[in-house]
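Undergrad: Below are the structure tokens for one structure; questions will follow.
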Amino acid sequence: MKKLVVVILALSLPGGRCAPTDPDVGIQYHSGGLSIDISVGRHLNASSCKQLKEQYNTKDDGLYYLTSSSGTEYMTFCDMTTAGGGWTLVAGARENNMYGRCTVGDRWSSQQGNDINNPGGDGNWDNTNTFGTPEGATADDFKNPGYYDITAEDMSVWHVPNKALHPTWKSSSILRYHTDSKFFTQYGGNLYGLFKRYPVRYGIGQCNVNLGPSIPVKYDLGSPDTNKLFYGPNSRGEFQPGFITFRAINNERAAMAICSGVKPTGCNTEHYCIGGGGFWPEAGPRQCGDFASFDGEGYGTNLGWSASKEITEATVLLFYR
Amino acid sequence: MKKLVVVILALSLPGGRCAPTDPDVGIQYHSGGLSIDISVGRHLNASSCKQLKEQYNTKDDGLYYLTSSSGTEYMTFCDMTTAGGGWTLVAGARENNMYGRCTVGDRWSSQQGNDINNPGGDGNWDNTNTFGTPEGATADDFKNPGYYDITAEDMSVWHVPNKALHPTWKSSSILRYHTDSKFFTQYGGNLYGLFKRYPVRYGIGQCNVNLGPSIPVKYDLGSPDTNKLFYGPNSRGEFQPGFITFRAINNERAAMAICSGVKPTGCNTEHYCIGGGGFWPEAGPRQCGDFASFDGEGYGTNLGWSASKEITEATVLLFYR
Amino acid sequence: MKKLVVVILALSLPGGRCAPTDPDVGIQYHSGGLSIDISVGRHLNASSCKQLKEQYNTKDDGLYYLTSSSGTEYMTFCDMTTAGGGWTLVAGARENNMYGRCTVGDRWSSQQGNDINNPGGDGNWDNTNTFGTPEGATADDFKNPGYYDITAEDMSVWHVPNKALHPTWKSSSILRYHTDSKFFTQYGGNLYGLFKRYPVRYGIGQCNVNLGPSIPVKYDLGSPDTNKLFYGPNSRGEFQPGFITFRAINNERAAMAICSGVKPTGCNTEHYCIGGGGFWPEAGPRQCGDFASFDGEGYGTNLGWSASKEITEATVLLFYR
């Protein structure tokens, strides 16, 4: 056995990127043997953007491949700059068709019509089903393995205009905020764990009594005041901005998954909370869908109980750290 | 050209696993040149779990990447322990909503409603369409390239409670069995080939006359007696447990794909067989869907023609070897 | 630092293929260091089949992995032989169920029913959503990242019988043709860019006045005359074969995406153009769907305004170069 020092200066690999390698790490000898650490393109050995940042010192926002604890490789978007960076995009919820009431594309509520026999709807808030791609996240619903795989402490939310391309997400977003209380440590480590504890299901409880946790947020774009104005005047009268709230229940016992940006104090949560189970009793099927009844008094009017066109036509991107 | 012996002691690769390599295999010289066999993480060079077991001596149940004959890389679950192991998960069929009659999610029958004009339904039993992920296989329908790519001899079936996570599939399953007669060698090598010969299509034939093959099974969990009890007393009167049967046809000429665990002797197969074409004439649209009419006399009652709640809410995982 | 010449003769990698490497490229020394160019299986470093051909001299039609500009790795089919080769399959459109009017599977028009409130339908002609697989492209709709990522000059179209397997696509196709005028350079570089300029949307304009570009094609299989005969005699009276036309508008202001093979001179484009928005006013919902009203006067009759069975049951595969 002959000792040899070789140095990988540059490794041109699938994906077309040249991954500069540390000579000391690139190839090392151990007792006459050879150990190679190869990172293929953006396929770095990390299970979250946080790990990517900490371990590989990755600094740019953008798309990266992660590897889940089960070995699943998937690409997602990393926000490496907000409040220290290390945020992993795990899901995106959008309203593909406000006039389609629990029809195809309503994966965050139900694609089965408004149906009391299907109270949990599609069930994607607390299962391991995945769909969509990061590049298509503002064009169709999106959920990746990070949603259930990453053990997180905090959440960040971006409201990005539908069809925006990922390089412009940050600059085109209309609202961005994040928690910094490490609340997930008390609620199952991620949304999968949280919603196992707070099922999103028609009839699971009643308004006020069974509301899930409300976590204060810090704004990275916008403020409680600008947040408030995206929803109609009636809605503003029954929520407090500056929070992200989980599992809201309305007057008729329909369940919604996330009130993103606000904490309900009233029971008409269908006008400002998103996602949900498979049944909304009031005026059925009119409130059934991913963005429930954002169009309560007309599409995008921002009058009465109606949300603004801006928030109605924005994808809600959910990040973990 | 200088000869050199180098030994790769450990190779840390994307996926975060340390793949111990055989020094003699790791790097070899051939006539002054160098040949390297690199296995990246779980991306081993195998097209089935059987090959993974035989070639790489892989012994643990779990998720692995396979590569199909066309070069498609996909992850699936390998059962490496049952009856010698080497079983590849190729599909999962579940009823996402018993009350949705041939609606979204009924990929193993039809997502187009009960329709005589669409007799073959979605056609996934004999096409090369794929969907879902192994980690989400109990949360949504699943089919991978192995379904049509792997040339198999036998089949194994697990009935696993919906939403169970893959590490608990085996322990939480309610019924498991497999064939050991190498029947696939006579029927096209896999389900794709078998269903090309026995199309799943309304009106293709009549009950009893055109029933597809019934293959005896050995039970790995349960027995013919426990299998029988998962279906209602009326159903028990017209099937024999201990088989897996392909392409059943009922009284009204509707076609079902698999009677998993039983061999029909009567013609009300909609109460204990799964999958199918796109049209069930009787009481339309009530029998149309992935689990047809398991709820014939009420959901999960296990009375009359109704199946038990346990079997109705279990995903049918299909393996090849 | 010791200089050493090593030669990788053969590299056996995931995917099971032995990638013969150029000794001079395989491993090279640069100033005492080592640079390795590894191409994993079919994961070559190319973002299009054209680049694959030019850079790696790839000559065979078949499935290859490409890497998009964002680093997304995806597999697709390359036509390496037609008119110099280098054609990348980016999409496939088929009619899954002529009797399902804008139902599940109508991703190239709308899966939401015929609805004036949803004029753009699913919107996939000008978004970054993707779906399906190349191996399943004749079994379900297909769109990959190349659709929006590749900057192309020309287009090629294959009409391939549904459910045909990719090794037989070319030989079983019923019609093949391509442009050679580099028209994409004037229209946004690809279909994504083109349809951003010519939105496919009910009510966007009127027949004749707002027709998008018609580009002459050369036939690789068939001719203007055989092309013509795939559509009914009434249709033949109002189009000119030998073109591919984008964004047609009919009498009732419904929009269709592509008239593949023809240039409309009349306004009943629903009988020979495919894809579209989410609303066809005439005889609603009868004209709504991926293949609109190919069955205008009966399914597959090739009489009156009806297209032939052959063209109705063929997938339209779209290639870029």
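Chains as they are written, first to last, in the numbering used here: chain A, 1 to 321; chain B, 1001 to 1321; chain C, 2001 to 2321. The beta-carbon is built from N, C-alpha and C at its ideal position, and this holds for glycine as well.
Ignore the nearest five residues each way along the sequence and tell me which others in Thr133 (chain A)'s own chain have a CB closer than 8 Å to its CB.
TA: Within the same chain, Thr133 (chain A) has close Cβ partners Met75 and Phe142.
Undergrad: Among C:Asp2290, C:Gly2304 and C:Tyr2219, which has the Cα closest to the Cα of Asp2140 (chain C)?
TA: Considering only alpha carbons, the answer is C:Asp2290.
Undergrad: Give me the residue from C:Asn2096, C:Gln2111, C:Gly2100 and C:Asn2097 with the minimum Cα distance to Gly100 (chain A).
TA: Comparing Cα positions, the closest option is C:Gln2111.
Undergrad: Does DSSP put Asp154 (chain A) in a helix, in a strand, or in coil?
TA: Correct three-state label for Asp154 (chain A): coil.
Undergrad: Report the residue from C:Val2104, C:Gly2298 and C:Ala2046 whose alpha carbon sits nearest the alpha carbon of Thr2312 (chain C).
TA: When each option's Cα is compared against that of Thr2312 (chain C), the closest is C:Gly2298.
Undergrad: Can you name the residues of chain B whose CB is closer than 7 Å to the CB of Val2104 (chain C)?
TA: Residues of chain B passing the Cβ test: Val1104, Gln1111 and Gln1112.
Undergrad: For Gly2266 (chain C), which residues of its own chain have a beta-carbon under 6 Å away from its beta-carbon, when the five flanking residues on both sides are left out?
TA: Result list for Gly2266 (chain C): Glu2238, in chain order.
Undergrad: Any beta carbon from chain C within less than 8 Å of Thr1071 (chain B)'s own beta carbon?
TA: What sits at residue 1071 (chain B) in the sequence shown is Gly, not Thr. Yes - at least one Cβ of chain C is within 8 Å of the one on Gly1071 (chain B).
Undergrad: Report the neighbours of Thr2133 (chain C) on chain B: residues whose CB is nearer than 7 Å to its CB, in chain order.
TA: Those within 7 Å of Thr2133 (chain C) in chain B are Thr1130.
Undergrad: Taking the CB atoms as reference points, tell me whether Ser2260 (chain C) and Val2316 (chain C) lie closer together than 8 Å.
TA: In contact: Ser2260 (chain C) and Val2316 (chain C) (Cβ atoms closer than 8 Å).
Undergrad: So the candidates are B:Gly1123, B:Ala1046 and B:Thr1138; which of them puts its Cα closest to the Cα of Thr2138 (chain C)?
TA: It is B:Gly1123 whose Cα lies nearest to the Cα of Thr2138 (chain C).
Undergrad: Buried or exposed for Arg1321 (chain B), please, with buried defined as at least 16 other CB atoms from any protein chain shown within 10 angstroms of its CB.
TA: Buried is the call here.
Undergrad: Does the beta-carbon of Asp2060 (chain C) have 16 or more other beta-carbons within 10 angstroms, so that it is buried, or is it exposed?
TA: Classification of Asp2060 (chain C): exposed, given that the 10 Å Cβ count is below 16.
Undergrad: For chain C, find out if any of its Cβ atoms is closer than 8 Å to the Cβ of Asn1057 (chain B); answer yes or no.
TA: No, its Cβ sits nowhere closer than 8 Å to a Cβ of chain C.
Undergrad: Could you give the first and the last residue of the continuous alpha helix (DSSP H) run that contains Gln1322 (chain B)?
TA: Since the displayed chain B opens at 1001 and closes at 1321, residue 1322 (chain B) lies outside it and no answer follows.
Undergrad: With distances taken between CB atoms, is the gap from Gly242 (chain A) to Pro213 (chain A) smaller than 8 Å?
TA: No, the pair does not count as a contact, with Cβ atoms beyond the cut-off.
Undergrad: Which residue's Cα is closest to the Cα of Asp1149 (chain B): B:Thr1168, B:Thr1128 and B:Gly1136?
TA: Minimum Cα distance to Asp1149 (chain B) is reached at B:Thr1128.
Undergrad: Among C:Val2262, C:Gly2275, C:Ser2293 and C:Arg2253, which has the Cα closest to the Cα of Pro2281 (chain C)?
TA: Ranking the options by Cα distance to Pro2281 (chain C), first place goes to C:Arg2253.
Undergrad: Which residue from A:Glu153, A:Ile174, A:Ala152 and A:Asn251 puts its Cα closest to that of Val160 (chain A)?
TA: Residue A:Ile174 is the option with its Cα nearest to Val160 (chain A).
Undergrad: Please list, in chain order, all residues of the same chain as Gly1121 (chain B) whose beta carbon is under 6 Å from its beta carbon, the five residues on each side excluded.
TA: Same-chain partners within the cutoff: Ser1109, Ser1110, Gly1277 and Gly1278.
Undergrad: From Gly136 (chain A) to Thr82 (chain A), what does the alpha carbon distance come to, in whole angstroms?
TA: Those two C-alpha atoms are separated by around 22 Å.
Undergrad: Terminal residues of the continuous beta strand (DSSP E) containing Thr2315 (chain C)?
TA: First-last of the beta strand (DSSP E) with Thr2315 (chain C): Ala2314 to Tyr2320.
Undergrad: Just to confirm before moving on: does the CB-CB distance between Lys2114 (chain C) and Gly2284 (chain C) stay below 8 Å?
TA: Sequence inspection shows Asn at residue 2114 (chain C); the Lys mentioned does not correspond to that position. Against a cut-off of 8 Å, the Cβ pair of Gly2284 (chain C) and Asn2114 (chain C) comes out as a contact.
Undergrad: Using three-state DSSP, classify Ile1215 (chain B) as helix, strand or coil.
TA: Residue state, collapsed to three classes: strand.
Undergrad: What in chain A is Cβ-close to Asn2127 (chain C), meaning under 9 Å?
TA: Within 9 Å Cβ-Cβ: Gly136, Thr138, Ala139, Asp140, Asn162 and Lys163.
Undergrad: From Arg1107 (chain B) to Ser181 (chain A), what distance separates their C-alpha atoms?
TA: Between Arg1107 (chain B) and Ser181 (chain A), the C-alpha separation is close to 42 Å.
Undergrad: Please list, in chain order, the chain A residues whose beta carbon lies closer than 7 Å to that of Tyr1336 (chain B).
TA: The shown model of chain B, from 1001 to 1321, leaves out residue 1336 (chain B), and the question about it has no answer.
Undergrad: Could you tell me the boundaries of the alpha helix (DSSP H) in which Arg1247 (chain B) lies?
TA: First-last for Arg1247 (chain B): Phe1239 to Ile1249, but that is the beta strand (DSSP E), not the alpha helix (DSSP H).
Undergrad: What's the C-alpha gap between Glu2054 (chain C) and Ser70 (chain A)?
TA: If you take the alpha carbons of Glu2054 (chain C) and Ser70 (chain A), they lie about 38 Å apart.
Undergrad: Would you say Gly304 (chain A) and Gly232 (chain A) are within 8 Å of each other, going by their C-beta atoms?
TA: Going by C-beta atoms, Gly304 (chain A) is nearer than 8 Å to Gly232 (chain A).
Undergrad: Using DSSP with H/G/I as helix, E/B as strand and the rest coil, what is Leu1165 (chain B)?
TA: If DSSP states are grouped into helix, strand and coil, Leu1165 (chain B) belongs with coil.
Undergrad: Can you pull the chain A residues whose beta carbon is under 7 Å from the beta carbon of Pro2145 (chain C), in chain order?
TA: Going along chain A in sequence order, the residues near Pro2145 (chain C) (Cβ under 7 Å) are Glu135.
Undergrad: Look up Gly261 (chain A) in the DSSP assignment and give the residues it is bridged to.
TA: According to DSSP, Gly261 (chain A) bridges with A:Phe243.
Undergrad: Whose C-beta lies closer than 6 Å to the C-beta of Lys50 (chain A) among residues of the same chain, with five residues either side of it excluded?
TA: Within the same chain, Lys50 (chain A) has close Cβ partners Gly86 and Arg321.
Undergrad: Tell me whether the beta-carbon of Val1209 (chain B) lies closer than 8 Å to the beta-carbon of Ala1257 (chain B).
TA: Result no, Cβ atoms of Val1209 (chain B) and Ala1257 (chain B) do not sit closer than 8 Å.
Undergrad: Using only the alpha-carbon positions, how far apart do Phe1294 (chain B) and Tyr2192 (chain C) sit?
TA: Taking the straight line from one Cα to the other gives about 45 Å.
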